[in-house]
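A.B. asks: As given, the protein sequences belong to chains Y and A, one line each in that order. Going by the numbering used here, the first sequence opens with residue 1, and the numbers climb by one from there. Going by the numbering used here, the second sequence opens with residue 1, and the numbers climb by one from there.
Number of protein chains: 2
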Amino acid sequence: MALSRNDEFPVKDLTLSKWCKALSHPARIAILRNLASRGECICGDLVLDLPLAQSTVSQHLKALKEAGLVQGQVDGPRSRYCINQKNFEKFIKAFGTFGNKLNKKLICE
Amino acid sequence: MALSRNDEFPVKDLTLSKWCKALSHPARIAILRNLASRGECICGDLVLDLPLAQSTVSQHLKALKEAGLVQGQVDGPRSRYCINQKNFEKFIKAFGTFGNKLNKKLICE
DNA sequence: ATCGTATATCGTACATATACGATAAGCAAG
DNA sequence: CTTGCTTATCGTATATGTACGATATACGAT
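(1) Does the beta carbon of residue 4 of chain A sit closer than 7 Å to a beta carbon anywhere in chain Y?
(2) Just mark residue 13 of chain A as buried or exposed, buried being the case when its beta carbon has 16 or more other beta carbons within 10 Å.
(3) DSSP three-state call for residue 72 of chain A: helix, strand or coil?
(4) Using 8 Å as the cut-off, can you tell me whether the stretch 98-108 of chain Y makes contact with the stretch 32-45 of chain A, which would need three or more C-beta pairs spanning the two stretches below that distance?
(5) How would you label residue 50 of chain A, buried or exposed, when you count the other beta carbons within 10 angstroms and need 16 or more for buried?
(6) Mind pulling the alpha helix (DSSP H) runs of 4 or more residues that sit fully within the stretch 7-81 of chain Y?
(7) Would a C-beta distance cut-off of 7 Å place residue 74 of chain A and residue 81 of chain A closer than the cut-off?
(8) Pull up the distance between the alpha-carbon of residue 68 of chain Y and that of residue 43 of chain Y, whole angstroms please.
(9) Would you verify that the beta carbon of residue 40 of chain Y is, or is not, closer than 7 Å to some beta carbon of chain A?
(10) Alpha carbon to alpha carbon, what distance is there between residue 15 of chain A and residue 88 of chain A?
(11) So which residues on chain A does residue 60 of chain Y lean against when the C-beta distance must stay under 7 Å?
(12) Applying the 10 Å Cβ sphere with the 16-neighbour rule, what's the burial state of residue 27 of chain A?
(13) Would you say residue 64 of chain Y lies against chain A (beta-carbon separation less than 7 Å)?
(14) From residue 8 of chain Y to residue 52 of chain A, what distance separates their C-alpha atoms?
(15) Anything in chain Y within Cβ reach of residue 32 of chain A, meaning under 9 Å, just list it in chain order.
(16) How big is the Cα-Cα spacing for residue 17 of chain Y and residue 5 of chain A?
(17) Compute the distance between the beta-carbons of residue 46 of chain Y and residue 31 of chain Y, then report whether it is under 7 Å.
(18) Could you list which residues in chain A have their beta carbon closer than 9 Å to that of residue 36 of chain Y, in chain order?
(19) Can you find a CB in chain A that lies within less than 7 Å of the CB of residue 13 of chain Y?
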C-alpha cells in the first residue's frame, strides 16, 4: 500500500486501532471468548472449537499475543494460553473513553 | 487468503469483528472523533485534518459507511457526513457486552 | 453554456491478512 | 534414542487493505 502514514496519527488513535485490529476477525473474538470461559487452555483445545487448521489457529494466537491481549506459556510439549487481563482492561477502558467522548458529543452538542 | 471461513462463525462474532475492523485504522478513528466533535462535516474538512490524500479519505469514509458507523448525504456539490448514532450505539453496546462477559469470567471463575 | 469546486471512483502499486499443508522443534514416555 | 504428541514456523496461494494520482461526475455560480 504505498507507504503507511501511521506515524502521523496520534498515539491514542494508533493504540486503539491496534487493539481493534486484533478483534477484527471472528476467529480471534471466538478465541478470546474461549479463553475467558476456560480460564486458560492449550492450542489444541481451540483447534477443536474452531473451523480452522491448527497452523491458522496458531497464527491468530500469535496476532492476539502481539497485540498484548493474550499471553502464553510453555507447558511441556504444549502451549498454555490465557487472556492478558491487565492489557485487556486497558483496551476496554480506552474503548470506553473513546465511546463516551463520542456519545457525549453526539448527545450534548 | 485461500477461502474465508467467515460463514462458519457465530453471527455475533461476525458483527462485532466487522465493527472492530472499521476501527482498525487510526485514520478512521480520527474521522469518527472529528465527526463527533463537529457534529457533521464535509469530506474536505476531514482532508484538511488528516495526513492523507482526498481519494484516500474518501475510501476510509466509504469503509465507515459500509460498516454502518457513519452516514452521508449529498449537499450540493459536497457530501455531508455524520455518525450513524443508532448503529454506533449498537456497536458500543455489543462491545460492552463482550467485554463484560469476559471480565466476569476472568474475575469470578 | 462554461468554469470552478467538491467528491467518488478508477487504475495502479505495494503491503498485509488469511488460509492451508508440510515441516521443524520441543518435550514426555517407553 | 526412538516414538508419539503438540505447537510454531515456513512456504505458498490468494484476498483484502492502503495509498496515490488521474479522471469522471455533479452541482453552483457566473
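Ideal Cβ placement from N, Cα and C applies to all residues, glycine included. Being a predicted model, the structure only gives us computed values, none of them experimental.
C.D. replies: For this structure:
(1) Indexing the second sequence from 1 puts residue 4 of chain A at position 4. Put simply, the CB of residue 4 of chain A is far from chain Y, with every gap to its CB atoms at 7 Å or more.
(2) Here residue 13 of chain A is taken as the residue at index 13 of the second sequence, counted from 1. So residue 13 of chain A counts as buried.
(3) On the second sequence, residue 72 of chain A is found 72 positions in, with the first residue counted as 1. Three-state result, residue 72 of chain A: strand.
(4) Output reads yes: the stretch 32-45 of chain A touches the stretch 98-108 of chain Y.
(5) As a position in the second sequence, residue 50 of chain A is number 50, starting the count at 1. Its Cβ being crowded by 16 or more others within 10 Å, residue 50 of chain A is buried.
(6) Those alpha helix (DSSP H) runs which fall completely within the stretch 7-81 of chain Y and span 4+ residues are 11-22, 26-38, 43-49, 54-66.
(7) Indexing the second sequence from 1 puts residue 74 of chain A at position 74. Indexing the second sequence from 1 puts residue 81 of chain A at position 81. No, Cβ-Cβ distance for residue 74 of chain A and residue 81 of chain A is not below 7 Å.
(8) Along the first sequence, one-based indexing puts residue 68 of chain Y at 68. Along the first sequence, one-based indexing puts residue 43 of chain Y at 43. Roughly 17 Å between the two C-alpha positions.
(9) Reading the first sequence from its first residue, position 40 is the one you call residue 40 of chain Y. With its beta carbon at least 7 Å from every one in chain A, residue 40 of chain Y lies outside the interface.
(10) Locating residue 88 of chain A in the second sequence gives position 88, counting from the first residue. Locating residue 15 of chain A in the second sequence gives position 15, counting from the first residue. Here the alpha carbon of residue 88 of chain A sits roughly 12 Å from the alpha carbon of residue 15 of chain A.
(11) Here residue 60 of chain Y corresponds to residue number 60 of the first sequence, with the count starting at 1. For a Cβ distance threshold of 7 Å, nothing in chain A lies close to residue 60 of chain Y: the least Cβ distance comes to about 12 Å.
(12) What you label residue 27 of chain A is simply residue 27 of the second sequence in a count that begins at 1. Flag for residue 27 of chain A reads buried.
(13) Counted from its first residue, the first sequence places residue 64 of chain Y at position 64. Not an interface residue.
(14) For this step, residue 8 of chain Y is matched to residue 8 along the first sequence. For this step, residue 52 of chain A is matched to residue 52 along the second sequence. Cα-Cα distance, rounded: 10 Å.
(15) Counting from one through the second sequence, the residue named residue 32 of chain A turns up at place 32. Here the neighbours are 98, 102.
(16) Here residue 17 of chain Y refers to the residue found at position 17 when the first sequence is read from its first residue. Here residue 5 of chain A refers to the residue found at position 5 when the second sequence is read from its first residue. Taking the straight line from one Cα to the other gives about 24 Å.
(17) Taking the first sequence and counting its residues from 1, one reaches residue 46 of chain Y at position 46. Taking the first sequence and counting its residues from 1, one reaches residue 31 of chain Y at position 31. Contact: yes.
(18) The residue you call residue 36 of chain Y lines up with position 36 of the first sequence. Going along chain A in sequence order, the residues near residue 36 of chain Y (Cβ under 9 Å) are 101, 102, 103, 104, 105, 106, 109.
(19) On the first sequence, residue 13 of chain Y is found 13 positions in, with the first residue counted as 1. Taking Cβ atoms only, chain A reaches closer than 7 Å to residue 13 of chain Y, which makes this a yes.
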